[in-house]
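Mapping of the sequence shown onto this note's numbering: position 10 corresponds to residue -7, and the numbering continues sequentially without gaps. Written out below as structure tokens is the structure these notes cover.
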Amino acid sequence: MGGHADYCGYNVLPAALEQDFLMAFTVVEEGQDGQDEISVHNTNEKFQAEKFSNRADQKLFDGNHWANYFLCGYKSIMLHNEEITKLLKDKPKGLKILIDSSVPIAAGVSSSSAFTVCIAILTAQANGVREGIQRQLLAD
């Protein structure tokens, strides 16, 4: 149909959606309370607030926890390549994040992928490595 296949191998027809993820964040500066953690809140009460270490080597949650999608997006930037990892390993930013989304959950429209990509972009922006990663991706 559209030359794309979903994760089950079925052909799909891509379509634009009006739904989106919005993420607001603030960086917790060194010396402030919370400098070594990431605090995530969601406007959807289904997803309880979580706090994570800002270290890239933390383990995923057991089971099918929403926070694993967050951690995958976060780790994709923190461990992007040796140069970025070296730059951020000792000093990743503490973050406070608020998430709002109108993307339907578990409706087959890649809400988990959209969430993971949004977190990756936010992480790169907050840690000042967004342009470096964009240059590397364009060069590949």
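Cβ atoms here follow ideal geometry from the backbone N, Cα and C, with glycine treated the same way. All of these numbers come straight from a predicted model, not from anything done at the bench.
* Count the other C-beta atoms from every protein chain shown that fall within 10 angstroms of the C-beta of C(-9), then say buried if there are 16 or more, exposed otherwise. => exposed
* Asked: Counting along the chain, where does the beta strand (DSSP E) carrying N25 start and finish?
  -> 20 to 25
* Asked: On the three-state DSSP scale, how would you describe N64?
  -> coil
* How is the beta strand (DSSP E) around A7 delimited, first residue to last? -> 4 to 11
* Extent of the continuous beta strand (DSSP E) run through S36 -> 33 to 36
* Asked: Helix, strand or coil: how does DSSP classify L71 here?
  -> helix
* To do: May I ask you to report which of helix, strand or coil DSSP gives I88?
  => coil
* Start and end of the alpha helix (DSSP H) containing F98? -> 94 to 109
* Using beta-carbon positions only, say whether Y52 and F98 come within less than 8 Å of one another. => yes
* To do: Put G77 into one of helix, strand or coil per three-state DSSP.
  => Correct three-state label for G77: strand.
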